[in-house]
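These notes are about the structure you will find just below.
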Amino acid sequence: MRGDVSRVVPEFFDRDAVAVAADLIGTQLTVNGVGGVIVETEAYTPDDPASHSFRGQTPRNAAMFGIPAHAYVYRSYGIHWCLNFVCRPGSAVLIRALEPRVGLEVMRERRGVENARLLCAGPGRLCQALAVTADLDGRSLDAEPFALDFDTDTIAVIRGTRIGLTKAVDMDWRFGLQGSPFLSRKF
DNA sequence: AATCGGATACTCT
DNA sequence: GAGTATCCGATTC
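Following this line, the structure appears as structure tokens:
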């Protein structure tokens, strides 16, 4: 992460979502003490046709219009949970993949798979591994059960096009840790 | 590569 | 109220 960026949680997220998405790579995230290092993110903004906030506030996306540094958790395809970090109103960063570090056995139990590479490689998978559900929607990232440990090293971050979209497909708002085997898909 | 699951929201009618 | 699409993953082909 860049040295001039605040490591205080509320300040870190009160910035442009694209910058936050890039700077989150390398940050350790845990939920109730289980988690790992963020290796893949995507940014979404209010003027982005692919963003849930694009067409205004609804009961589902209300957290996205709240204050920065809170969680926005939504149900995807009726089955999976997806975890976002809210930045400025209507903006958020989707957490797409983690490198598992803490609580590997708990994650294996929750996921029902042994292979560490498959524990958190994808937004739905990491929510299952970290037990993220709707009850964390709107919760502060600066308090339990969340814990963030920002990276202080200089790391190689790569960027590319976002995944699974039909609108604004050519925005290069996906970020990843270069060379990580824990990405959901190659860049 | 194709299919399906089944919540939320939008678009008509 | 029906029809379609969606920030995906597991399973089957």
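Read left to right, the first sequence gives residues 1 to 187 (UniProt numbering). We treat Cβ as the ideally placed atom computed from N, Cα and C, and that holds for glycine.
Going along the chain, which residues of its own chain have a beta-carbon closer than 8 Å to the beta-carbon of Arg-101, five neighbours each way excluded? Gln-28, Gly-35, Gly-36, Val-37
N-terminal and C-terminal residue of the alpha helix (DSSP H) that Gln-128 is part of: 123 to 130
Given this structure, state the Cα-to-Cα distance separating Ala-62 from Ser-140, to the nearest angstrom. 14 Å
Cross-strand partners of Arg-75 (DSSP beta bridge): Trp-81
Would you say Thr-41 and Leu-24 are within 8 Å of each other, going by their C-beta atoms? yes
With a threshold of 7 Å on Cβ separation, who are the neighbours of Arg-117 within its own chain once the five nearest residues in sequence on each side are excluded? Pro-181, Phe-182
The segment 45 to 54 / the segment 83 to 92 touching (three or more Cβ pairs under 8 Å): yes
What does the Cβ neighbour count give for residue 220, buried or exposed, with the cut at 16 atoms within 10 Å? Residue 220 cannot be examined here, being either before or after the span of the chain that is shown, 1 to 187.
Please say whether Ala-97 and Ala-9 have beta carbons closer to each other than 8 Å? The sequence given here has Val at residue 9, not Ala. Not closer than 8 Å, so no.
From the DSSP output, in three-state form, read off Ala-43 for me. strand
Alpha carbon to alpha carbon, how far is Phe-187 from Leu-136? 30 Å
Measure from the alpha carbon of Leu-104 to the alpha carbon of each residue in Cys-82, Leu-94, Val-157, Gln-128, then state which is nearest. Gln-128
I'd like to check one pair, Val-73 with Ala-147: are the Cβ atoms closer than 8 Å? no
Distance between His-80 and Asn-115 (C-alpha atoms, nearest Å): 20 Å
Can you check DSSP and say which residues form a bridge with Ser-140? His-70
DSSP state of Glu-99 mapped onto helix, strand, coil: strand
Using 8 Å for Cβ pairs, my map puts Phe-13 next to Val-5. What's the rounded Cβ distance? Phe-13 to Val-5, Cβ: 11 Å. No contact.
Distance CB(Leu-126)-CB(Leu-83) smaller than 8 Å: yes
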